[in-house]
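The next block holds one structure in the form of structure tokens; read it before the comments.
Number of protein chains: 2
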Amino acid sequence: MTVGLAHAELIAVLTAVTQGEPKVMTVRRGEALPSGPFELVHRSLQSGLREWVQDQTGHPVGYLEQLYTFADRDRTHDSAKRRTISISYLGLVREQAAPGAGKPGWHGWYEYFPWEDHRSGRPAILSGISDQLQAWADVELPRREHRKRRVEFAFGLHDAAWNEDLTLQRYELMYEAGLVAEAGHAPPDISAGRPMFADHRRILATAIARLRAKIKYRPVVFELMPENFTLLQLQRTVEALAGLTLHKPNFRRLIDQQQLIEETGEVTSETGGRPAKLFRYRHAVLEERALSGSKLPLSRN
Amino acid sequence: MTVGLAHAELIAVLTAVTQGEPKVMTVRRGEALPSGPFELVHRSLQSGLREWVQDQTGHPVGYLEQLYTFADRDRTHDSAKRRTISISYLGLVREQAAPGAGKPGWHGWYEYFPWEDHRSGRPAILSGISDQLQAWADVELPRREHRKRRVEFAFGLHDAAWNEDLTLQRYELMYEAGLVAEAGHAPPDISAGRPMFADHRRILATAIARLRAKIKYRPVVFELMPENFTLLQLQRTVEALAGLTLHKPNFRRLIDQQQLIEETGEVTSETGGRPAKLFRYRHAVLEERALSGSKLPLSRN
DNA sequence: TCTCCTTATACTCTAGCTGAGTATATCCAG
DNA sequence: CTGGATATACTCAGCTAGAGTATAAGGAGA
């Protein structure tokens, strides 16, 4: 069988959470995600990415997960005979292992997606966005119903509740409606987040959505935590990722139901009030542990 | 930046469920998954796949989802200067739209994974498999604990329950332990399912795992159903995918809680006993509808 | 025609989980 | 020693999931 030829490129969304803020590693002063060629020396895609991330940041990536592979023709700047296949990955880095986390190179997620951070309530920018989206949705009938439903669902208007997992859907709607600079239409009058090179912001949206969904059923948060941490630090990290505030007593109950962590025996009084116990992740509890969450009515037969 | 050159290949896991059996479309008498080159004429990866699947099967693919992109060096049969990137997709086809579903070309999932079908109880083959896996896990101490935990968790031994979503983990363990023919070790004495070309069975395992997980929170089953169906037909389809039997009253309760379907007003008496009402999927309820399933303790502040 | 078998459909009950709120403990600063 | 801050423990109501039971309505065959 004949097989097409293409360039292969690896794109990384490296994420760390420092001081309760989610960050992404960037190049070109925050305008692009780091990327590199996939070459023959690399054993596999994943190890290829691991190698050059380690070269560039000097620190290991704990968790690495493939996100998506793109190859739309629009993205190609090559000759007519070649095109680029971009394979994107999500990588999680521990706070301590991200020494440049304050330096340029690391930028907060919510610079690019200000409407995604609901920790201090619904962002003001959302009213402008939803106004414009509803205007965009108000076309002739066949498409109108569909558009309206998508907008209301994705942005939690009317009776729908805000669903933090829909980051990608929201970005795509805004792209379709021409509200983000990358769409290339007339520049929007509201400043809808900082744009990025090519479709890099879309890839970041994919990563955020994936991570927000994943923390609910896999213990991946701990890849972002230092060795020892307090329960509130853990909660703040989850809140940073989800862009939401959580109910403290219930968060703690959930955590120790799962038996994912154990006390170190030490306490820290750097938290302001009563000293907090330090915990560590129970590596013994292993990564394989899925938190099930079955929605099927099983029977025991 | 320099970018590596590679061949690009699209691999499809096309699935249909006919008469309560999950099938996958194959070539070479069931030994391989259909695949085709990604070429310049294609607008995008997804549309490229859609086009040649439609050409080959003559029927449209309803639902199409990217699975994974592989590029391990072992898979390459090319010259030293090229390698192949394989992008795999999961596609769902309606029962009626799969005219070849009885003909050669379509094979049951469980020919390849007999240990995955628990609809008639725990398959007998599993005792042999778990014996051999436990023998394999019984090595010197540093690795033993980890191996034992993986085996027990993936195969639901001891206190762990069988988790149908772990199809890929189970296949990978069996591969590591040399229990599947593709591993290339000494041929296993138990016949652990029908092998496939290269890593195609691994890709099929990925597809099964993804689909089993997805039916729990997205209404993708309906992509596999005919226009009108009875509740038991729907249940049998879900059971076929999950490889499990479900509790009938609870299944029905779950379905109409979600308001995903509506009565057509007609009944069918082809089911043997009392005639069953026919239902159809409420397309109005739209694909965007995620069934949430949040595991985060949200607060209303 | 009546009985039995089969499938369809409706209802009940209980344990556990989730969302929400409240109460108590222990440090630091002034 | 008092107030502010954070940490930690406990309570309670409503919902949901798992499980079981009861009734309805067709067909096949005695």
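Keeping their order, the protein sequence lines are chains A and B.
Numbering-wise (our numbering), the first sequence opens with residue 81 and increments by one.
Numbering-wise (our numbering), the second sequence opens with residue 81 and increments by one.
For glycine and all other residues, C-beta sits at the position ideal for the given N, C-alpha and C.
| Item | Value |
| --- | --- |
| Boundaries (first-last residue) of the beta strand (DSSP E) holding H348/B | The sequence given here has Thr at residue 348/B, not His. T348/B -> beta strand (DSSP E) spans 341 to 348. |
| Continuous alpha helix (DSSP H) stretch holding Q337/B: start and end | 328 to 338 |
| Secondary structure, alpha helix (DSSP H): runs of 4+ residues fully inside the stretch 100 to 139 of chain A | 125 to 137 |
| Same chain, Cβ closer than 7 Å to R230/A, neighbours up to 5 away in sequence not counted | L253 |
| C-beta contact flag for L326/B and E319/B at 7 Å | yes |
| Other residues of its chain near P299/B: CB distance less than 6 Å, five sequence neighbours each side excluded | L340 |
| Pair within 7 Å by beta-carbon distance, L246/A and A234/A | yes |
| Alpha carbon of G373/B to alpha carbon of A289/A, nearest angstrom | Note that G373/B scores 49 on pLDDT, short of 50, meaning its location in the model is unreliable; the coordinates nonetheless yield the value given after this. For G373/B and A289/A, the distance between alpha carbons rounds to 15 Å. |
| Residue environment, G182/B, which counts as buried when at least 16 other CB atoms sit within 10 Å | Per-residue confidence for G182/B stands at a pLDDT of 49, beneath the threshold of 50, marking its modelled position as unreliable; the derived number appears in the next sentence. Burial call: exposed. |
| Three-state secondary structure (DSSP) of R224/B | helix |
| Distance between A285/A and N330/A (C-alpha atoms, nearest Å) | 28 Å |
| Buried versus exposed, by CB contacts within 10 Å (16 or more), S200/A | exposed |
| CB contact below 7 Å: L221/B versus chain A | no |
| Nearest candidate by alpha-carbon position, reference R227/B, set T164/B, I205/B, E256/B | E256/B |
| Test item: CB-CB of L129/A and L172/A under 7 Å | no |
| For L85/A: DSSP bridge partner residues | H87/B |
| Below-7 Å beta-carbon distance, T247/A vs any chain B residue | no |
| Any chain A beta carbon closer than 7 Å to A285/B | no |
| Burial state of R223/B, where buried means 16 or more other Cβ atoms lie within 10 Å | exposed |
| is_contact[T95/A, chain B] using C-beta, thresh 7 Å | no |
| Distance, L147/B Cα to W189/A Cα | 26 Å |
| For S271/A, the first and last residue of its enclosing beta strand (DSSP E) | Here S271/A belongs to no beta strand (DSSP E), and DSSP marks it neither H nor E. |
| Amino acids of chain B, ordered along the chain, whose beta-carbon sits closer than 7 Å to that of L125/A | T149, A151 |
| Which residues DSSP lists as bridging A320/B, in chain order | DSSP output for A320/B lists no bridge partner at all. |
| The ligand GTP heavy atom lying under 6 Å from the CB of T137/A | Summarising the ligand content, the structure contains no ligands, and the ligand GTP is consequently not present. |
| Segments assigned alpha helix (DSSP H), at least 4 residues, entirely inside the stretch 233 to 319 of chain B | 247 to 256, 280 to 294 |
| Short-range partners of chain A found in the stretch 92 to 119 of chain B, where Cβ spacing is below 9 Å | S115, G116, P117, F118, E119 |
| Beta carbon of A92/A nearer than 7 Å to that of P114/A | yes |
| For A356/A, the three-state DSSP class (helix, strand or coil) | strand |
| Beta-carbon proximity list for A272/B, same chain, < 7 Å, skipping 5 on both sides | I209, M254, L259, V260 |
| Alpha-carbon spacing of H87/B relative to R163/A, whole angstroms | 11 Å |
| Residues of its chain near W195/A, where Cβ-Cβ distance is below 8 Å and the 5 sequence neighbours each way are ignored | P203, I205, L206, I209, R250, A272, G273 |
| Selection from L144/A, T149/A, F193/A that minimises the alpha carbon distance to R22/A | Only positions 81 to 381 of chain A appear in this structure, which leaves residue 22/A out of reach. |
| 8 Å Cβ cut-off: residues of chain B touching I209/A | Under the 8 Å cutoff, chain B gives no residues; its nearest Cβ is about 18 Å from I209/A. |
| Same chain, Cβ closer than 8 Å to P117/A, neighbours up to 5 away in sequence not counted | H87, A88, E89, L90 |
| Same chain only: Cβ atoms within 6 Å of S80/B, ignoring 5 sequence neighbours per side | In this structure chain B extends from 81 to 381, so residue 80/B is not present and cannot be described. |
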